[in-house]
Amino acid sequence: MAKIGIYYGSTTGNTQDLAERLAKALDVASADVYDVASASADFSAYDVVLFGTSTMGMGDFQDDWESYIDDVKNADLNGKKVALFGCGDSSSYSDTFGDALGKIYEVIKNKGCEIIGRVSIEGYTFDSSEAIVDGQFIGLLIDEDNESNLTDQRVALWLEDLRKVI
């Protein structure tokens, strides 16, 4: 199996919980799960990199991603498979749901990596999102505030798809 590194930023704990859940499901050691508040952007040890963030306020990065994204801009992702995941509020911030994932995508899309793990927008309730590319979310989006009843199913389907390509 491919060597996987998981990098996340979390303010309320939801994205951290999701990162840890994904790590457990993918048999990723805790030493390969990083909070971007203190992580380097050296991804050379990994074949697959998962980036996770919440979307804050009106479509902004999670605080720790504000500075970490500059490190990612300068990082070597060539030949890597990259999957994105995150948390957002599809009700209170329906016009910016998951926008931070879209911002990460814009940074990495031309860095020589293969972006995996797209998700259908069917079953989600929101008005607009920068995380939509070609009619699909560019990663897994979870809304623990309003749609927690759908989290288990969404995570399971995403992991099933990821396992086919990693």
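Using our numbering, you'd call the opening residue of the sequence shown number 1 and step up by one each time. The beta carbon of each residue, even a glycine, is placed where N, CA and C say it ideally should be. Nothing here was measured: the structure is a model prediction, and the numbers come from that model.
For the alpha helix (DSSP H) holding residue i, just list the boundary residues, first then last.
i, result
"Gly102", "99-108"
"Ala221", "Any question about residue 221 goes unanswered here, given that the chain covers just 1 to 166."
"Tyr68", "63-73"
"Leu157", "151-165"
How is the beta strand (DSSP E) around residue i delimited, first residue to last?
i, result
"Leu140", "139-142"
"Thr55", "48-56"
"Asp35", "33-35"
Which value, in whole angstroms, describes the spacing of the CA atoms of residue i and residue j?
i, j, result
"Lys111", "Val133", "17 Å"
"Gln136", "Arg163", "19 Å"
"Leu140", "Ala25", "15 Å"
"Ser90", "Gly57", "12 Å"
"Lys81", "Cys87", "21 Å"
"Glu144", "Phe85", "13 Å"
"Gly5", "Ser92", "31 Å"
"Gly98", "Ile142", "9 Å"
On the DSSP bridge assignment, give the partners of residue i in chain order.
i, result
"Gln136", "Ser120, Val133"
"Phe43", "Beta-bridge pairing links Phe43 to no other residue."
"Leu84", "Phe51, Gly139"
"Glu114", "Lys81"
"Tyr7", "Tyr34, Phe51"
"Asp60", "Met56"
Just tell me which of the options has its CA closest to the CA of residue i.
i, options, result
"Gly52", "Ile115, Ser10, Glu106", "Ser10"
"Asp27", "Val72, Lys3, Lys103, Asn74", "Lys3"
"Tyr7", "Ser30, Phe126, Ala25", "Ser30"
"Asp95", "Asn78, Ser44, Asp42, Thr125", "Thr125"
"Ser44", "Asp60, Asp143, Leu159, Asn78", "Asn78"
"Leu50", "Asn14, Lys109, Asn74, Ile115", "Ile115"
"Asp76", "Tyr93, Ser92, Val107, Asp63", "Val107"
"Arg118", "Ala83, Asp47, Ile142", "Ala83"
- Query: Would the stretch 12-26 and the stretch 64-71 be scored as touching if the rule is three or more Cβ pairs under 8 Å?
  - Reply: Contact fails: fewer than three Cβ-Cβ distances are below 8 Å.
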